[in-house]
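Chemist:
2 protein chains.
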Amino acid sequence: MRYSKLFGKTNKNAPHEADSTNARFLIQGGFINQLAAGIFTYLPLGLRVLRKVQKIVRDEMDAVGGQEILMPALIPKQLFETTQRWDSIDVLFKLEGAGGKEFALGATHEEVVTPLAQACVKSYKDLPVMVYQIQDKFRNEARAKSGLLRGREFSMKDLYSFHTSQEDLEAYYDKVLEAYLKIFQRCGLDAIVAEASGGVFSKYSHEFQVATPNGEDIIYLCEDCRYAQNREIAIMKEGDVCPKCQKGSIKEVKAIEVGNIFKLSTRFSDPFDFTVTGEDGLQKPVIMGCYGIGPSRVAGSIVEVHHDERGIIWPKSVAPFDVHLVSLGARDEHVAARILDATQSLYEDFERSGIEVLWDDRDASPGEKFADADLIGIPLRLVISEKTLSADSVEWKERNRPDAHLVPLVDVKKEAKLF
Amino acid sequence: MRYSKLFGKTNKNAPHEADSTNARFLIQGGFINQLAAGIFTYLPLGLRVLRKVQKIVRDEMDAVGGQEILMPALIPKQLFETTQRWDSIDVLFKLEGAGGKEFALGATHEEVVTPLAQACVKSYKDLPVMVYQIQDKFRNEARAKSGLLRGREFSMKDLYSFHTSQEDLEAYYDKVLEAYLKIFQRCGLDAIVAEASGGVFSKYSHEFQVATPNGEDIIYLCEDCRYAQNREIAIMKEGDVCPKCQKGSIKEVKAIEVGNIFKLSTRFSDPFDFTVTGEDGLQKPVIMGCYGIGPSRVAGSIVEVHHDERGIIWPKSVAPFDVHLVSLGARDEHVAARILDATQSLYEDFERSGIEVLWDDRDASPGEKFADADLIGIPLRLVISEKTLSADSVEWKERNRPDAHLVPLVDVKKEAKLF
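Quick mapping for you: the protein sequence lines, in order, are chains S and C.
Numbered according to the working numbering, the first sequence spans residues 1 to 419.
Numbered according to the working numbering, the second sequence spans residues 1001 to 1419.
1. Using CA atoms only, rank isn't needed, just tell me which of S:Tyr180, S:Glu170, S:Gly188 is closest to Ala194 of chain S.
2. Flag this pair as yes or no: are the beta carbons of Tyr1204 of chain C and Ile1261 of chain C separated by less than 8 Å?
3. With distances taken from CA atoms, which of C:Gln1246, C:Asn1140, C:Pro1115 is nearest Leu1105 of chain C?
4. Is it buried or exposed for Asn11 of chain S, if we count other Cβ within 10 angstroms and need 16 for buried?
5. Counting only runs of 3+ residues fully inside the segment 60-100 of chain S, write out the beta strand (DSSP E) ranges in chain order.
6. Between Tyr42 of chain S and chain C, is any beta-carbon pair separated by less than 8 Å?
7. Under 7 Å Cβ-Cβ, which residues of chain S neighbour Pro1072 of chain C?
8. Between S:Leu74, S:Cys187, S:Leu43, S:Gln34, which lies nearest to Arg150 of chain S when the distance is taken from Cα to Cα?
9. So, is Cys1222 of chain C buried or exposed, given that buried needs 16 or more other C-beta atoms within 10 angstroms?
10. Which partner residues of Cys222 of chain S appear in the DSSP bridge assignment?
11. Which partner residues of Thr277 of chain S appear in the DSSP bridge assignment?
12. Using a Cβ-Cβ cut-off of less than 8 Å, list which residues of the segment 301-321 of chain S approach chain C; keep chain order.
13. Can you pull the chain S neighbours of Ala1119 of chain C, defined as C-beta to C-beta under 8 Å?
14. Taking any Cβ of chain S, which residues in the segment 1279-1300 of chain C have a Cβ under 9 Å from it, in chain order?
15. Quick one: is Lys141 of chain S near chain C, going by C-beta distance under 8 Å?
16. To the nearest angstrom, report how far apart Ala1319 of chain C and Ile75 of chain S are at their CA atoms.
17. Contact criterion: CB-CB distance below 8 Å. Does Ala1028 of chain C meet it with respect to chain S?
18. I'd like to know if Leu382 of chain S contacts chain C, where contact means its C-beta is closer than 8 Å to some C-beta of that chain.
19. Between the segment 1045-1072 of chain C and chain S, which residues of the former have a C-beta closer than 7 Å to a C-beta of the latter?
20. Going by alpha carbons, who is nearest to Ser365 of chain S out of S:Glu333, S:Arg352, S:Asp349, S:Ser327?
21. How many Å lie between Cys290 of chain S and Trp1314 of chain C at the Cα?
22. Taking the alpha carbon of Thr82 of chain S as the reference point, which residue from S:Pro115, S:Phe370, S:Leu95, S:Arg58 has its own alpha carbon closest?
23. When DSSP labels each residue in this structure, what does Ala228 of chain S get in the three-state scheme?
24. Enumerated in chain order, which unbroken segments of the beta strand (DSSP E) with a length of 3 residues or greater are wholly contained in the segment 1312-1394 of chain C?
25. Quick check: the Cα distance between Glu153 of chain S and Phe40 of chain S, rounded to an integer number of angstroms?
26. Based on the DSSP secondary-structure assignment, which residues constitute the bridge partners of Met156 of chain S?
27. Compute the Euclidean distance between the alpha carbons of Glu1096 of chain C and Lys77 of chain S, then round it to the nearest angstrom.
28. Whose C-alpha, out of S:Ser393, S:Ile233, S:Leu358, S:Ser385, is nearest the C-alpha of Leu45 of chain S?
29. Just checking: is the beta-carbon of Asp136 of chain S within a distance shorter than 8 Å of some beta-carbon in chain C?
30. Closer than 7 Å, Cβ to Cβ, to anything on chain S: give me those residues from the segment 1224-1251 of chain C, in chain order.
31. Using a Cβ-Cβ cutoff of less than 6 Å, which residues in the same chain neighbour Ala37 of chain S once the five nearest sequence positions on both sides are dropped?
32. Starting from Ile1039 of chain C, follow the beta strand (DSSP E) in both directions and report where the run begins and ends.
33. With three or more C-beta pairs closer than 8 Å as the rule, is the segment 1246-1256 of chain C touching the segment 1213-1230 of chain C?
34. Report the residues of the segment 93-104 of chain S with a CB closer than 9 Å to any CB of chain C, ordered along the chain.
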């Protein structure tokens, strides 16, 4: 992509609506545009990041046997009445359609997926089965804030699992826990597994928390064995000896919740009378689990963790492009033309090799181009200038390292596959 | 994918809610599940089809320079007030959020994309620019019906283009028209370009219509040169001589509208005061075009066109899988085991080669398996039975051809790349 053609450029000034690091850099860098509090448009750069996070999530959900489906956002009121949640979920957006039919916008999909599974699953032989979707969710937050961290409309992956026994659920739950850790690791996030409230049917649920000074949650964390609990249920406090490993010291940590997993047991199968025929021919209750990750919140969290004062430092796995190619101008127009030619040739080589490249082809100063490259945060910056060209080289600078060095052009082309 | 594990199987009986061929076969075949009138869940089979249609649309939008973005579904009321459409779009779902803030659910996105482009585009040098999204739209239809043809929540691709002159818009409009024809052709649809009402700023818009007995629209079509007009604006009638080629005869045809393109001129840039600095330094109005295709409606239309009395006949480009592999049972358990082994081996070969294969591995009768294969409509069915195995062969049957023949197993493996 040529930067001169890209829809959504960087802004010189930090946006006034930015109340957090991720909002500031994502809006200023041209990744997202705020339409209203907690409601954003993804511009091309931001959508590329979101899709990469979603792809990682999809890979790992497929790997644990999840089958992808897509449920609607419009959910008839009667389904929430069945589970008695129409009035108890305080963030439901409610609306009325033609003929006075009432709907909620999906804030969560247990009310859709449970009767759906009921229609598809009849016998214990059909279980376990796991389905997930990646879809936009809606929550009527009184205080939407912190950019992509707490939105009114946001991307969500929700997986639901259906089992014949509590043991089968437990085994699958542990598998998803590992899959989640893999997802966060692939996204460059060091997630802490924290115990949280389990509701009626289980002692604990588990949250995946990323430590950052801007986190809304407080967790208590053992510095040694990484045992952690959300403050809401914690029986430990800062300075305690870890109740688990009996060794480490407990620390209070601010964190962002990027995922959670929950044993639902029969909380939703009961109100829908969702049972299956067991091996003995009798009807058995279906045991459920649910597992959420918000890809847009993950993207925001990555920025909260990976940035410096100049801008974002994307992990390669979710960067909008692999390479930020920068061509500089020259006083002599023949030299300027040679720089453009060399850059064009490298750009085409990259595109042919499937390397995702953003080429800053603007007629702008080196200072402006470098500042924008730092703000956008693509992992590798390659600069072609009069100086580098006279050495048949490009300047190679990694976003997360202070030093730059010259690399022969021919090597860059050869090593293209290494990016 | 093993059919025994697939979430969402075929149903023996046609669904009572099916008021059209596409609803009947898609629900009965386990592609979609109806949650409420015009509101569907895509099951794994249906989602695979939808994603393939979306991928074709995305390819062709990228090819005409479209940049993909993603706008929110929640749109603040004030934007529709600016364009005076809050009360005039009769299918807007309206809702109220925290603090009494009013929103519409996006039925169309001119009100979002125009101020967005205004924020991103300042000078004539930034134009033309084209952005699109593939996103779910919401329309509060009084009579949602005909399966995926008229939904309350449905997949939509909307492209918007911004130009400095009417001539530039016209040239791009023609380019998109060609891209649309390519999209429909790739989806196996023979789309007719019909003139339709152009609104205030242009004489005509253009609709892409697919002739089918179940179509809601009526068009008048020249059988010779394929010139066509929507009945709403038609100046011709059945039996007339074509006013364009002066040769063909005009026929009245029922059709489904699968796309439309529209020259908006300054209809939306005016109310937002969206102008750019021209070459002469003066502010110039921005000229817009918009271009819609509904991928879910396209999927439904494909079924309306490509089916027989037994089920769907998917074009290969949008089929949920390339191959429907069917293993049959045998009385002798050693033979049955050999059939399973041979099928398993072929299944794994296909998966390794990237061929998408659905394996009907159930313990069911040949009749049941063949009926399901016909209903689901995957282009190629390969059967392994005692008879075929004794000839080291598989039975090769294409969904759109009546005859089946034996092909040596070794050839099927070798020709895997041909599928």
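Using N, Cα and C, we set each Cβ at its ideal position, and we do this for glycine too.
Note that this is a predicted model, so its numbers are computed, not measured.
Modeler: Taking the coordinates as given:
1. Nearest C-alpha to Ala194 of chain S among S:Tyr180, S:Glu170, S:Gly188: S:Tyr180.
2. Result no, Cβ atoms of Tyr1204 of chain C and Ile1261 of chain C do not sit closer than 8 Å.
3. Among C:Gln1246, C:Asn1140, C:Pro1115, the Cα nearest to that of Leu1105 of chain C is on C:Asn1140.
4. Asn11 of chain S comes out exposed.
5. Within the segment 60-100 of chain S, the complete beta strand (DSSP E) segments at least 3 residues long are 74-76, 94-96, listed from N- to C-terminus.
6. So yes, Tyr42 of chain S belongs to the interface.
7. Against chain S, a Cβ distance below 7 Å from Pro1072 of chain C picks out Leu35, Ile39, Phe40, Thr41, Glu153.
8. The shortest Cα separation from Arg150 of chain S among S:Leu74, S:Cys187, S:Leu43, S:Gln34 belongs to S:Gln34.
9. Its Cβ being crowded by 16 or more others within 10 Å, Cys1222 of chain C is buried.
10. Cys222 of chain S pairs with S:Ile250.
11. Answer is S:Ser123, S:Gln283, bridged to Thr277 of chain S.
12. Of all residues in the segment 301-321 of chain S, none has a C-beta nearer than 8 Å to a C-beta of chain C.
13. The contacting residues are Asn33.
14. Of all residues in the segment 1279-1300 of chain C, none has a Cβ within less than 9 Å of some Cβ in chain S.
15. The question names Lys, but residue 141 of chain S is Glu in the sequence shown. Interface residue, yes.
16. For the pair Ala1319 of chain C and Ile75 of chain S, the Cα-to-Cα distance works out to about 29 Å.
17. It should be noted that the sequence gives Gln, not Ala, for residue 1028 of chain C. At least 8 Å separates the CB of Gln1028 of chain C from every CB of chain S.
18. Chain C contact via Cβ: absent.
19. Listed by position, the residues of the segment 1045-1072 of chain C near chain S (Cβ gap below 7 Å) are Leu1047, Gln1067, Glu1068, Ile1069, Leu1070, Met1071, Pro1072.
20. From the listed residues S:Glu333, S:Arg352, S:Asp349, S:Ser327, the smallest Cα separation to Ser365 of chain S is found for S:Ser327.
21. Using only the alpha carbons, I get a separation of about 34 Å.
22. Residue S:Pro115 is the option with its Cα nearest to Thr82 of chain S.
23. Secondary structure at Ala228 of chain S: strand, using DSSP grouped into helix, strand and coil.
24. The segment 1312-1394 of chain C contains these whole beta strand (DSSP E) runs: 1323-1327, 1357-1360, 1380-1384.
25. One Cα belongs to Glu153 of chain S, the other to Phe40 of chain S, and the distance between them is close to 8 Å.
26. Under DSSP, the beta-bridge partners assigned to Met156 of chain S are S:Gln135.
27. Between the C-alpha atoms of Glu1096 of chain C and Lys77 of chain S there is a straight-line separation of about 16 Å.
28. Comparing Cα-Cα distances from Leu45 of chain S to each of S:Ser393, S:Ile233, S:Leu358, S:Ser385, the minimum goes to S:Leu358.
29. With 8 Å as the cut-off, Asp136 of chain S counts as an interface residue toward chain C.
30. Against chain S - using a Cβ distance shorter than 7 Å - the segment 1224-1251 of chain C contributes no residues.
31. Once the five neighbours on either side are set aside, the close Cβ partners of Ala37 of chain S are Ala144.
32. Unbroken beta strand (DSSP E) run through Ile1039 of chain C: 1039-1042.
33. Between the segment 1213-1230 of chain C and the segment 1246-1256 of chain C, the count of C-beta pairs closer than 8 Å reaches three or more; the two stretches touch.
34. Result list: Phe93, Lys94, Leu95, Glu96, Gly97, Ala98, Gly99, Lys101, Phe103.
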